[in-house]
Structures are given as C-alpha cells and as structure tokens.
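Each residue of the sequence shown is one higher than the last, beginning at 314 in the working numbering. Report on the following structure.
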Amino acid sequence: MASLILLTLKKTMQSFNPPIRTLMGPGPSDVHPRILSAMARPTIGHLDPAFVGMMDETKEGLKYIFQTENELTMPVSAPGSAGMETCFANLVEPGDKVVVCINGVFGMRMKENITRMGGEAIVVEDAWGDAVSTDKVEQALIENPDAKILAFVHAETSTGAQSDAKALCKIAHAFDCITIVDAVTSLAGSELRVDEWEIDAIYSGTQKCLSAMPGISPVSFNERALTKVKNRKTPVTSWFLDLNLVMGYWGKGAKRTYHHTAPVNTLYGLHESLVMISEEGLENSWARHQKNHEELKSGLEAMGINFLVNEADRLPQLNTVFIPEGVDDAAVRATLLNDYNLEIGAGLGAYAGKVWRIGLMGHSSRKENITLCLSALKNILG
Ligand SMILES: *Cc1c(COP(=O)(O)O)cnc(C)c1O
C-alpha cells in the first residue's frame, strides 16, 4: 500500500511553482520581492543571539507602525484570526459582558470568540457597508453599565467600511470599558494611532497592508489591558495564546525561554516589511493608499461602477463596488484570473454575486496594478 502511494507520488508530485498573479483581493496582497528574498535566507535557531537581536528590532518596528509605546507589542506566530483569539482569550473571563459591534463578517467572528470564552455578548448592529454607529454604542453602554469591554473592527474587510476608532475608544473609556480593536486591514494602510486614540488591545495581520506573507499577527496591549489579564480569576484557557507564557519569550528583559519554535523565516519577512515601511515613512504609506484609491475610484466611476460605502467611511485599501447589471460575477473573476493573472475578491454574505472587493493593500497599492485592473475590466465588460 505505502509503496503504491510512493509510486504514484513519484509520477505526479513535482516542486510547486505557483503562477505569477497580481493580488487585488481582500488579502493576501502582493508580497514584495525584497520580502520574499529575505525569507529565503538561511534558517538559524530561534534562541540564537543574532535572531534575538532581530526580534528586538521587529518589536520596535511594530511599535512604530502601531504608533505606540506599549511594551507588549509583538507578533503572534499565527494568522490574524489568532491575534483576534489572543485578545479575547486573555481579556474575556467567563461571565464578562462585552459590547461587540457587528457591521460585517469580522464583527460576527468577534462575537463568536466572546461566547466561546464564556463571555456575554451584547451586540450593536449596523448595516453591512456602514460604519459602526457611535450613538448606538453609547446607548448600549448606558443600558449595560456592567459591561467590561467594547470590541469593534476598525477596517471591515468584508465591506470596505472604516469606523471611527478614536471616537469609539473615547466612549468606551467614559463607561470604564477597555477596547479590543481589529486592525488587520487598517494597519499601515490608513491612519491608526494606538496611543493617541487610547486603544487598549489591538491585533492585525501581515498579509494585508504590510504586504508580507500570511501567517503572522502583530498585537499590542497597553497597561490597562494587561492589568485585566493579570487580575484574572481563572487561567487563560488557551495554553498557546496565554500572554503570561508568551511574554517569557517575547517580553523585555525576558530570558527568552522556549515557548514554541518561532517561525524563523517568516519573521525575516515581517522584519523586512517593517524596514520597508520605515524607509517609506508610515504617513507616506497612508497617503499612498489614499492616492491610489482615488485613482482607482475615478477609473471605475468613469466606467459607471459605483461604491457600496459612503465616501466618508470608505477604506482606501479595500474598494467594494457594485457589479454592473447583467454581468456574470464568477465568469468575470475567472477571466481576470485566467487571462490577466489578476485576482479580485468576491462579495460575502448578502452581497455575494452583487459586489466585487478590489484590494489596494501594501505592495498591491501601486499605479501599474490600477492600470491593469481598469483596462482588464474595460476589455471584459466591453
Ligand atoms: C483578514 C482579516 C482577519 C483574519 O486574518 P487571517 O490572517 O485571515 O486569519 C481578521 N479581521 C479582518 C478585518 C480581516 O480583514
């Protein structure tokens, strides 16, 4: 039996060479060649002094892009969803009331995390495509004075809507709640200031506007959030994501005791992406995303294609547009992929088949991609 499998494998299995695509969906975005080549460098031990030096630089780079002085700022060795789970697993205790804002897919996942951690979710709902309503959040906090946490998505990738993180954090603190913010798509793509906006716990991902490979989740916790973690009555139920343990490896002055084997080469990639953002300048990166969004927008609007989200709440890095009447969604996306090597995203939920999600994230946010996307769509739609 085993030899039969081997025989078949030898016949069919070869080194995998992916097609060269242009990635303009909701993530992953195009990974910059500098990042790919950084990842191909030799693997060293994850406790090697040379590696530890790189870890320290990585933490500093993450502090810069989060705009924070938080000591606990580090990359979780798993994708954005694990960053989400790190926040909820550490901060939500059984019985905690958590106000959670749902205006798309990722708010729904936050709610799922809350209930799985034994928390009680108080849902504030907004229509898909709208920003989170600060008035509704305030009302929910008035009605639930015992709520401990407010959780919301800054940049909802399922719709392309951006919420006012600064205002939401201000309201939460007026009611003595700490905040958990999803910044997977916003980090490095649009304005985000963790300290100035007083965000308590935040998570992101590497495969969106950092234009690095998927699989790492930068997170940051301030003192207020850490105090809640330290005062827990019950241990964090996840061993892998327990910050008390992870900090023994990533913490300042930590003896770098073994917790898990860090994804060494993937972290080379993240490090290189942070080098690139500091070369460009964070504000310049935000401005580039905005400028390219405006260019794509005028091209699409000239073709009669309209946006889902109000202009004021639109994310520059994720453009959700209505599919023109009578156009076959799946056929167009297949032609883009097969004939142009271009990937764009499909709609989700009630918007499946009705919208496209065109990403301009990180290294994907550049002029030649916009030109390719617009001319390909023009050719296909006629
Ligand atoms: C992509 C995304 C996630 C999940 O990240 P993964 O790396 O796919 O686990 C979470 N939240 C938002 C807003 C996202 O866009």
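Glycine residues also receive a C-beta, built at the ideal position from the N, C-alpha and C atoms.
Below 7 angstroms between beta carbons: does that hold for residue i and residue j?
i           : j           : result
residue 496 : residue 348 : no
residue 533 : residue 386 : yes
residue 519 : residue 512 : no
residue 636 : residue 657 : no
residue 352 : residue 581 : yes
residue 514 : residue 493 : yes
residue 461 : residue 674 : no
residue 403 : residue 445 : no
residue 628 : residue 452 : no
residue 412 : residue 427 : no
residue 339 : residue 470 : yes
residue 545 : residue 384 : no
residue 336 : residue 677 : yes
residue 410 : residue 433 : yes
residue 632 : residue 609 : yes
residue 501 : residue 523 : yes
residue 697 : residue 341 : Absent from the structure is residue 697, since the part of the chain shown begins at 314 and ends at 695.
residue 371 : residue 573 : no
residue 683 : residue 645 : no
Our contact map puts residue i next to residue j with C-beta atoms below 8 angstroms; I'd like the distance itself, whole angstroms only.
i           : j           : result
residue 400 : residue 516 : 5 angstroms
residue 706 : residue 560 : In the structure as shown, the chain starts at 314 and stops at 695, and residue 706 therefore has no counterpart that could be examined.
residue 419 : residue 389 : Not a contact, Cβ separation roughly 17 angstroms.
residue 374 : residue 650 : Actually they are not in contact, since the Cβ atoms of residue 374 and residue 650 sit about 34 angstroms apart, beyond 8 angstroms.
residue 441 : residue 479 : Contact doesn't hold; Cβ gap of about 23 angstroms is too wide.
Under DSSP, the beta strand (DSSP E) around residue i begins and ends at which residues?
i           : result
residue 339 : That residue, residue 339, is in no beta strand (DSSP E); it is neither H nor E in DSSP.
residue 387 : 385-389
residue 492 : 491-495
residue 434 : 433-438
residue 522 : Looking at the DSSP string, residue 522 is not in any beta strand (DSSP E), and its letter there is neither H nor E.
residue 533 : 530-534
residue 463 : 462-466
residue 568 : No beta strand (DSSP E) contains residue 568, which DSSP labels as neither H nor E.
Which of helix, strand or coil does DSSP assign to residue i?
i           : result
residue 346 : helix
residue 632 : strand
residue 327 : coil
residue 659 : strand
residue 598 : helix
residue 351 : helix
residue 401 : helix
residue 665 : coil
residue 514 : strand
residue 627 : strand
residue 501 : coil
residue 469 : strand
residue 444 : coil
residue 474 : strand
Starting from residue i, trace the alpha helix (DSSP H) both ways and give me its first and last residue.
i           : result
residue 482 : 478-487
residue 427 : 418-429
residue 364 : 362-379
residue 672 : Element bounds for residue 672: not the alpha helix (DSSP H) but the beta strand (DSSP E), 668-672.
residue 412 : Residue 412 -> not in any alpha helix (DSSP H); beta strand (DSSP E) instead, spanning 410-415.
Does any residue of chain B bring its CB to less than 7 angstroms from the CB of residue i?
i           : result
residue 475 : You won't find chain B in this structure, because it holds only one protein chain.
Review point. Within the chosen definition, does the stretch 498-510 reach the stretch 371-383 through at least 3 CB pairs nearer than 8 angstroms?
Key: yes
Review point. Counting Cβ pairs closer than 8 angstroms, one from the stretch 599-618 and one from the stretch 638-645, do we hit at least three?
Key: no
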